[in-house]
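Number 177 in the working numbering belongs to position 57 of the sequence shown; there are no gaps in the numbering.
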Amino acid sequence: MTGNQLDVIIDKKPIRALVDSGASFSVISDKYRRFLKKVLFADAKSVMLKVADGNFVRPIGKCVLRVRINNRELPFEFIVLSHCSHDVILGWDFLEASQAVIDCGQNELVLEDICRDSQRLTPGICMPPGTIHLSRIL
Numbered sequence: 121m122t123g124n125q126l127d128v129i130i131d132k133k134p135i136r137a138l139v140d141s142g143a144s145f146s147v148i149s150d151k152y153r154r155f156l157k158k159v160l161f162a163d164a165k166s167v168m169l170k171v172a173d174g175n176f177v178r179p180i181g182k183c184v185l186r187v188r189i190n191n192r193e194l195p196f197e198f199i200v201l202s203h204c205s206h207d208v209i210l211g212w213d214f215l216e217a218s219q220a221v222i223d224c225g226q227n228e229l230v231l232e233d234i235c236r237d238s239q240r241l242t243p244g245i246c247m248p249p250g251t252i253h254l255s256r257i258l
């Protein structure tokens, strides 16, 4: 992990994702979703989201991506934005679902057992128990 960016594999494609504990939801840019050729699902209860620069944006839908970190893979639902500062942002929902621990003293991000029940984690998919220690934050 470099700063707050993390190299991950999404649907078999490597990308550097922004890890943002201040973002309530994980998001993907529509441009990157189209690159991955992922289906866009409409969200009937779509609400306006406040983004980092203070503006409000309306998501264009959702998609499910397979996120691989340190040889552990899990499907996760991302909000799709037409314009986004980063192609992939791992937000609080992802950190919570993966039981992530941000250890400032050790400068590392630790992902605990990914099998936690969460409405955002695709039902029926469970990863083996264990702890994933990601690369140290530089």
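Glycine included, C-beta positions come from ideal geometry on N, C-alpha and C.
Quantities reported herein were computed from a predicted structural model and do not represent experimental measurements.
Just how far apart, CA to CA, sit residue i and residue j?
i      : j      : result
VAL230 : ALA172 : 25 Å
SER166 : ARG178 : 7 Å
ALA162 : SER218 : 25 Å
ASN190 : GLN226 : 18 Å
LEU215 : GLY123 : 16 Å
ARG153 : GLY181 : 11 Å
ILE129 : GLU228 : 19 Å
LYS151 : PRO195 : 20 Å
Can you determine whether any heavy atom of the ligand ATP sits closer than 7 Å to the C-beta of residue i, and answer yes or no?
i      : result
VAL187 : Absence of the ligand ATP from the depicted structure is noted, as is the absence of any ligand whatsoever, leaving it without description.
Just to confirm, are residue i and residue j a CB contact at a threshold of 8 Å?
i      : j      : result
MET168 : PHE176 : yes
LEU210 : ASP140 : yes
GLU193 : VAL187 : yes
Classify residue i: buried if its beta carbon has 16 or more other beta carbons within 10 angstroms, exposed otherwise.
i      : result
CYS224 : exposed
ASP127 : exposed
LEU160 : exposed
VAL221 : exposed
SER146 : buried
LYS133 : exposed
LYS158 : buried
ASP237 : With a pLDDT of only 43 at ASP237, under 50, the local geometry of the prediction cannot be trusted, and the value read off the model is given with reservation. Exposed, since its Cβ has fewer than 16 Cβ neighbours within 10 Å.
Could you tell me how far apart the beta carbons of residue i and residue j are, in whole angstroms, since I believe they sit closer than 8 Å?
i      : j      : result
ASP207 : ILE135 : 6 Å
SER149 : CYS183 : That pair is no contact at about 11 Å.
GLN125 : ALA137 : 7 Å
Item to check | Minimum length 4: unbroken alpha helix (DSSP H) runs contained in the region 143-188 | outcome: For the region 143-188, whole alpha helix (DSSP H) runs of length 4 or above, ordered along the chain, are 150-156.
Next on the checklist: So within the region 185-216, which uninterrupted beta strand (DSSP E) runs reach at least 3 residues, ignoring any that extend past its ends?
Outcome noted: Qualifying beta strand (DSSP E) stretches, in chain order: 192-201, 208-210.
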